[in-house]
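In our numbering, the protein residues as written are 11 to 199. This report concerns only the one structure given below.
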Amino acid sequence: MRRNVDTDAIIPSREMKRVSREGLGEGLFANWRYADLATREEAPDFVLNRARYREAKILISGENFGCGSSREHAVWALADWGIGAVIAPSFGEIFQANCAQNGIVAVVLPEPQVDALGAEAERRELRLTVDLGACEVQRVGDRALPFSMKLRDREMILKGLDPIALTLSEHAAAIEAFEKSDRTARPWA
Numbered sequence: 011m012r013r014n015v016d017t018d019a020i021i022p023s024r025e026m027k028r029v030s031r032e033g034l035g036e037g038l039f040a041n042w043r044y045a046d047l048a049t050r051e052e053a054p055d056f057v058l059n060r061a062r063y064r065e066a067k068i069l070i071s072g073e074n075f076g077c078g079s080s081r082e083h084a085v086w087a088l089a090d091w092g093i094g095a096v097i098a099p100s101f102g103e104i105f106q107a108n109c110a111q112n113g114i115v116a117v118v119l120p121e122p123q124v125d126a127l128g129a130e131a132e133r134r135e136l137r138l139t140v141d142l143g144a145c146e147v148q149r150v151g152d153r154a155l156p157f158s159m160k161l162r163d164r165e166m167i168l169k170g171l172d173p174i175a176l177t178l179s180e181h182a183a184a185i186e187a188f189e190k191s192d193r194t195a196r197p198w199a
């Protein structure tokens with residue numbers, strides 16, 4: 011497993027030619043995924059090109075995943091590819107926040123547990139479920155691995171909201187009361 015996978019590795023800047031979030035999955039890990047960038051010939055040794063991992067929804071990585079620039083496109087590319095969760099011992103701080111704001115669960119587990127999951131995934135097909143409600147990584151026939159997450163990040167992902175929508179939903183009554191009061195105090199505004 012690679013460590014210090016930066017956002018430029020997740021999606022190189024030349025792959026960010028779109029205004030929309032859709033289609034960014036094609037550029038996901040482009041420098042590693044393609045043997046020939048021009049023809050998009052796949053590199054057979056890159057993990058996501060292997061048949062067993064091609065449909066993976068959970069990515070397991072070494073420490074400091076998503077470090078580097080605050081490139082939100084990296085999270086969008088992962089989501090567009092179909093990744094719903096990333097499990098790592100640590101994340102780049104901004105990347106982790108971007109994950110929560112865009113519906114990807116960034117699971118922090120102790121490095122020995124992540125290493126064991128990665129080694130098992132190399133040996134055989136590994137079926138994992140990330141249960142955000144229970145804050146557990148579950149695998150068939152084994153004990154669940156608990157993790158913690160900031161309550162606000164968890165709520166955003168579970169409710170499918172971004173920070174603005176979450177704030178509006180949490181403070182709707184206070185916002186409405188303020189606007190009513192402000193209209194009374196400043197009717198010209």
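Idealized CB from N, CA, C, for every residue including glycine.
Query: Identity of the residues DSSP links to Gln148 by a beta bridge; Result: Thr139
Query: Beta strand (DSSP E) segment containing Asp90, residue limits; Result: Unbroken run through Asp90 is the alpha helix (DSSP H), Glu82 to Trp91; no beta strand (DSSP E).
Query: Whole-angstrom distance between Leu136 and Asp16, CA atom to CA atom; Result: 25 Å
Query: Backbone secondary structure at Leu155 - three-state DSSP; Result: strand
Query: Endpoints, alpha helix (DSSP H) assigned at Ala19; Result: Thr17 to Ile20
Query: Close-in-space but distant-in-sequence residues of the same chain around Gly33 (CB under 8 Å, 5 per side omitted); Result: Asp90
Query: Segment contact, 8 Å Cβ cut-off, at least three pairs: the segment 115 to 128 with the segment 157 to 177; Result: yes
Query: Pair within 8 Å by beta-carbon distance, Leu88 and Leu38; Result: yes
Query: Alpha-carbon spacing of Arg28 relative to Ile70, whole angstroms; Result: 27 Å
Query: Straight-line gap, Pro54 to Arg60 (C-alpha atoms, nearest Å); Result: 7 Å
Query: Contact set for Ala45: own chain, Cβ-Cβ below 7 Å, skip 5 residues either direction; Result: Glu51, Glu52 and Ala53
Query: Nearest candidate by alpha-carbon position, reference Gly94, set Gly170, Glu130, Asp192 and Ala187; Result: Gly170
Query: Span of the beta strand (DSSP E) around Asp55; Result: Careful: Asp55 lies outside any beta strand (DSSP E) and carries neither H nor E.
Query: Cβ separation of Asn5 and Arg13, assumed to be a contact under 8 Å, to the nearest whole Å; Result: No answer is possible for residue 5: the residues shown for the chain start at 11 and end at 199.
Query: Residue burial classification, Pro173 (beta-carbon count within 10 angstroms, cutoff 16); Result: exposed
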